[in-house]
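K.L.:
Protein chains in written order, with the numbering used here: chain E, 11 to 273; chain A, 11 to 273.
For glycine and all other residues, C-beta sits at the position ideal for the given N, C-alpha and C.
Have a look at this one:
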């Protein structure tokens, strides 16, 4: 689907409701028309605007479930992931998390916890996605598991700094990942090779957790933590299903990930 | 503070933790240096990247409480609000909300509810913020209330379309705003003039609610709704404090707002 089709589709999806409202615009702000047909020269600019808007939809959790990134946003997502945009966003979320971590008072019972997701939160699978279209291809679990089994995923450096900081502040670190229990050893080894040490728990999906939505699985595990007397103060994840649901942490931090969606 | 100071400050804030980590970079992705000093020609580009990243932090709820937008992002936020960016984001969130609204099955008891915030969700205060630096100025409640009392805030058109759609689907509409009960009449009149009709409840801050954080106040009101037997399926707001807390809706929709933050 070319850019023209993209705009056409966008227009078609929105136009019925647009026109039905024209008569009730009592107040209207003076604004440029949004859905105008782009000039040759500004077509790329239009696609960038559309894809930036799409990315904000992803990061604000506004989008309905999706399986691949929009075809038109392939280059945009590639440029974002490989350029400064992704790095800046990672730095910022790490920095804001650290400001919060330093601001909270921890109890004397060592029951204050920071939860981290693993993939695209502590470890980067970008080397895999570089080879698989940055989210343009439908997720292939067989191929992806081959990559995971190599145990070669690099650290996300700003997350590693945060990790070490919350450890040194006295938080317990619980790692909560949708990876299968079968991959405990390779996951632990990969994490240690990448510099992550001294976590208190590494929680993976056991047999009875397979088939559960990530949000349900992770909520159940957080409920268990709370029942055991832990206080979840911080939670870092690249998916909203890492962060929302039950027993939510005091503050949640959403790492950027425009490449895939896990419900 | 000029752009140079901005980058310098950014560098200073992050550099201690950066250098302490250099020795443990077992795996490292080949990436351009993030914190390099920008060329003359690309300085504007750098500021745009930084401000886009800041805006991502706002919309993903990663930022710690803030009172004004970063000085360097004044032009960026103005361009976003007055250009296509804001409009595209409003269109997208309205569209995704409507897809969700149409996908859910409503009960026969008319107890399914969609909650809407008012300011920057149904009504736009952009005409006020155009005169007050798009968030560069510290919020002035006296000046803002004068604007509110005019009752002239225009509709956010994509929200009006969503509003009418969820009404026609059979949802009850509850408006939940941090505005004071004293402004009930002007608020209702403004909403009606802007095209919003047939809401079931308009809930404002009563005397006992003043001084409560918005998140607490709105959570309490949602808890009441649930106790009365209502099911909150959708919730639209431009602040995370509209959406998070207790009795959260099945789906929350975050409208863009890079101009101000309400805890």
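1. Taking CB distances under 8 Å as the criterion, tell me whether residue 2 (chain A) reaches chain E.
2. Taking the alpha carbon of residue 268 (chain E) as the reference point, which residue from E:59, E:69, E:56 and E:106 has its own alpha carbon closest?
3. Would a C-beta distance cut-off of 8 Å place residue 57 (chain A) and residue 86 (chain A) closer than the cut-off?
4. Bridge partners for residue 246 (chain A) per DSSP, in chain order?
5. Does DSSP put residue 211 (chain E) in a helix, in a strand, or in coil?
6. Nearest chain E C-beta to residue 99 (chain A) closer than 8 Å, yes or no?
7. Could you tell me if residue 164 (chain E) is buried or exposed, where buried requires 16 or more neighbouring beta carbons within 10 angstroms of its beta carbon?
8. Please return the same chain residues whose Cβ sits closer than 8 Å to the Cβ of residue 166 (chain E), not counting the five positions on each side in sequence.
9. Could you tell me whether the Cβ of residue 196 (chain A) comes closer than 8 Å to any Cβ of chain E?
10. Does the Cβ-Cβ distance between residue 72 (chain E) and residue 175 (chain A) come in under 8 Å?
11. Helix, strand or coil: how does DSSP classify residue 186 (chain A) here?
12. Which one of A:180, A:232, A:194 and A:273 has the shortest CA to CA distance from residue 116 (chain A)?
13. Counting along the chain, where does the alpha helix (DSSP H) carrying residue 224 (chain E) start and finish?
14. Is the Cβ of residue 141 (chain A) closer than 8 Å to any Cβ of chain E?
15. With a CB to CB cut of under 8 Å and the five nearest residues on each side skipped, what residues in its chain are close to residue 208 (chain E)?
16. If you check the beta carbons only, do residue 261 (chain E) and residue 110 (chain E) fall under 8 Å apart?
17. Any beta carbon from chain E within less than 8 Å of residue 272 (chain A)'s own beta carbon?
18. Going by CA-CA distance only, name the one from A:236, A:203 and A:241 that's closest to residue 277 (chain A).
19. Using only CA atoms, which one of E:158, E:230, E:142 and E:120 lies nearest to residue 243 (chain E)?
20. Report the neighbours of residue 74 (chain E) on chain A: residues whose CB is nearer than 7 Å to its CB, in chain order.
21. Apply the 10 Å Cβ neighbour rule to residue 112 (chain E) and answer buried if 16 or more other Cβ atoms are within range, or exposed otherwise.
22. Only counting the same chain, and skipping five residues up and downstream in sequence, which positions put a Cβ closer than 8 Å to that of residue 7 (chain A)?
23. Alpha carbon to alpha carbon, how far is residue 194 (chain E) from residue 190 (chain A)?
P.N.:
Put simply:
1. Not covered by the structure: residue 2 (chain A). The range shown for chain A is 11 to 273.
2. Along the first chain, read from residue 1 onward, the residue named residue 268 (chain E) stands at position 258. The option with the nearest alpha carbon to residue 268 (chain E) is E:69.
3. In the second chain, the residue the question calls residue 57 (chain A) occupies position 47. In the second chain, the residue the question calls residue 86 (chain A) occupies position 76. Contact: yes.
4. Here residue 246 (chain A) refers to the residue found at position 236 of the second chain. Per DSSP, A:126 and A:263.
5. Indexing the first chain from 1 puts residue 211 (chain E) at position 201. Three-state DSSP puts residue 211 (chain E) in a strand.
6. Residue 99 (chain A) sits at position 89 when you count from the first residue of the second chain. Yes, its Cβ sits closer than 8 Å to a Cβ of chain E.
7. Within the first chain, residue 164 (chain E) is the residue found at index 154, counting from 1. Buried is the call here.
8. Residue mapping note: residue 166 (chain E) aligns to position 156 of the first chain, counting from 1. Within the same chain, residue 166 (chain E) has close Cβ partners 100, 130, 131, 132, 133, 134 and 265.
9. In the second chain, the residue the question calls residue 196 (chain A) occupies position 186. Not closer than 8 Å to any Cβ of chain E, the Cβ of residue 196 (chain A) fails to qualify, so no.
10. The count along the first chain starts at 1 and reaches residue 72 (chain E) at position 62. The count along the second chain starts at 1 and reaches residue 175 (chain A) at position 165. Not in contact: residue 72 (chain E) and residue 175 (chain A) (Cβ atoms no closer than 8 Å).
11. Start at 1 with the first residue of the second chain, and residue 186 (chain A) comes out as number 176. In the structure shown, residue 186 (chain A) sits in a strand (DSSP, three-state: E or B).
12. In the second chain, counting from the first residue as 1, residue 116 (chain A) sits at position 106. Of the listed residues, the one whose Cα sits closest to residue 116 (chain A) is A:180.
13. In the first chain, counting from the first residue as 1, residue 224 (chain E) sits at position 214. Unbroken alpha helix (DSSP H) run through residue 224 (chain E): 224-237.
14. Here residue 141 (chain A) refers to the residue found at position 131 when the second chain is read from its first residue. Not one chain E Cβ lies under 8 Å of residue 141 (chain A).
15. Here residue 208 (chain E) is taken as the residue at index 198 of the first chain, counted from 1. So the qualifying residues of the chain are 177 and 183.
16. Mapped onto the first chain, residue 261 (chain E) falls at position 251. Mapped onto the first chain, residue 110 (chain E) falls at position 100. Yes, Cβ-Cβ distance for residue 261 (chain E) and residue 110 (chain E) is below 8 Å.
17. Here residue 272 (chain A) corresponds to residue number 262 of the second chain, with the count starting at 1. Residue 272 (chain A) does not count as touching chain E.
18. Residue 277 (chain A) lies beyond the residue range present for chain A, which begins at 11 and ends at 273; the question has no answer from this structure.
19. Position 233 of the first chain, counted from the first residue, corresponds to residue 243 (chain E). Comparing C-alpha distances from residue 243 (chain E) to each of E:158, E:230, E:142 and E:120 shows the shortest one belongs to E:120.
20. Position 64 of the first chain, counting from 1, holds the residue named residue 74 (chain E). The contacting residues are 106, 109 and 110.
21. Here residue 112 (chain E) is taken as the residue at index 102 of the first chain, counted from 1. Flag for residue 112 (chain E) reads exposed.
22. Any property of residue 7 (chain A) remains undetermined from this structure, which presents chain A solely from 11 to 273.
23. Your numbering for residue 194 (chain E) matches position 184 in the first chain. Your numbering for residue 190 (chain A) matches position 180 in the second chain. Taking the straight line joining both Cα atoms gives about 54 Å.
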